[in-house]
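Chemist: Handing you a structure now.
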Amino acid sequence: MPDMLLHLSAHKETICINNKNQSRSPIATDKLCEFRNYRIIDNNASWAMECRGDLKMTGSGNIEFESDKYKGSTVIKMEMKDSKPIKIDHIYTGKRIGDCK
Numbered sequence: 092m093p094d095m096l097l098h099l100s101a102h103k104e105t106i107c108i109n110n111k112n113q114s115r116s117p118i119a120t121d122k123l124c125e126f127r128n129y130r131i132i133d134n135n136a137s138w139a140m141e142c143r144g145d146l147k148m149t150g151s152g153n154i155e156f157e158s159d160k161y162k163g164s165t166v167i168k169m170e171m172k173d174s175k176p177i178k179i180d181h182i183y184t185g186k187r188i189g190d191c192k
C-alpha cells in the first residue's frame with residue numbers, strides 16, 4: 092500500500108536530568124550519523140541530522156522548554172536498500188515529576 096499511515100500508541104519514559112548530564116546533547120549519536128546546527132536560543136533547541144550507510148536518514152527537530160515542561164517534534168526520512176522511503180513524524184511532550192532518585 093503506497094503512503095500507508097501507521098499510528099503507534101503513546102510511549103512513556105522517565106529520564107533523570109541533573110548537573111552531571113544536562114550539558115550533554117539530548118540526541119543519541121552513532122558513528123555513521125552526523126548532527127549539525129545544534130542550537131539553543133532562549134528556550135528553544137533545534138538540530139539537523141544525516142546518517143550514512145545501508146540505512147540512510149535525514150531529519151530535523153526542535154524542542155521548546157518551559158520551567159517545568161517541554162514539547163517538540165522531529166521529522167525523519169529513511170531510505171533502506173530494496174525498500175520505499177519512509178517518513179516518520181514524531182511529536183513529544185514532557186513534564187517535571189520531581190528530583191532525580
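Counting in the working numbering, the sequence shown runs from 92 upward without gaps.
Each residue gets a CB set at the ideal place from its N, CA and C atoms; glycine is no exception.
1) Between G185 and K160, which are expected to be in contact by the criterion C-beta below 8 angstroms, what is the C-beta distance as a whole number of angstroms?
2) Distance, Cα to Cα, K111 vs Y129?
3) Mind reading off the beta-carbon distance from C124 to C191? Whole number of angstroms is fine, and I expect it under 8 angstroms.
4) Spatial neighbours of R187 within its chain, please: CB distance less than 6 angstroms, with the 5 preceding and 5 following residues excluded, ordered by chain position.
5) Shortest alpha-carbon distance to M148 belongs to which of A136, I179, E155?
Modeler: Result, derived from the coordinates:
1) Right, the Cβ-Cβ distance comes to about 6 angstroms (below 8 angstroms), so this counts as a contact.
2) Distance between the alpha carbons of K111 and Y129: 20 angstroms.
3) About 28 angstroms separates the Cβ atoms of C124 and C191, ruling out a contact at the 8 angstroms cut-off.
4) Shown here for R187: same chain residues with a beta carbon closer than 6 angstroms to its own, the five before and five after excluded, namely D159 in chain order.
5) With respect to the C-alpha of M148, the residue from A136, I179, E155 having the closest C-alpha is I179.
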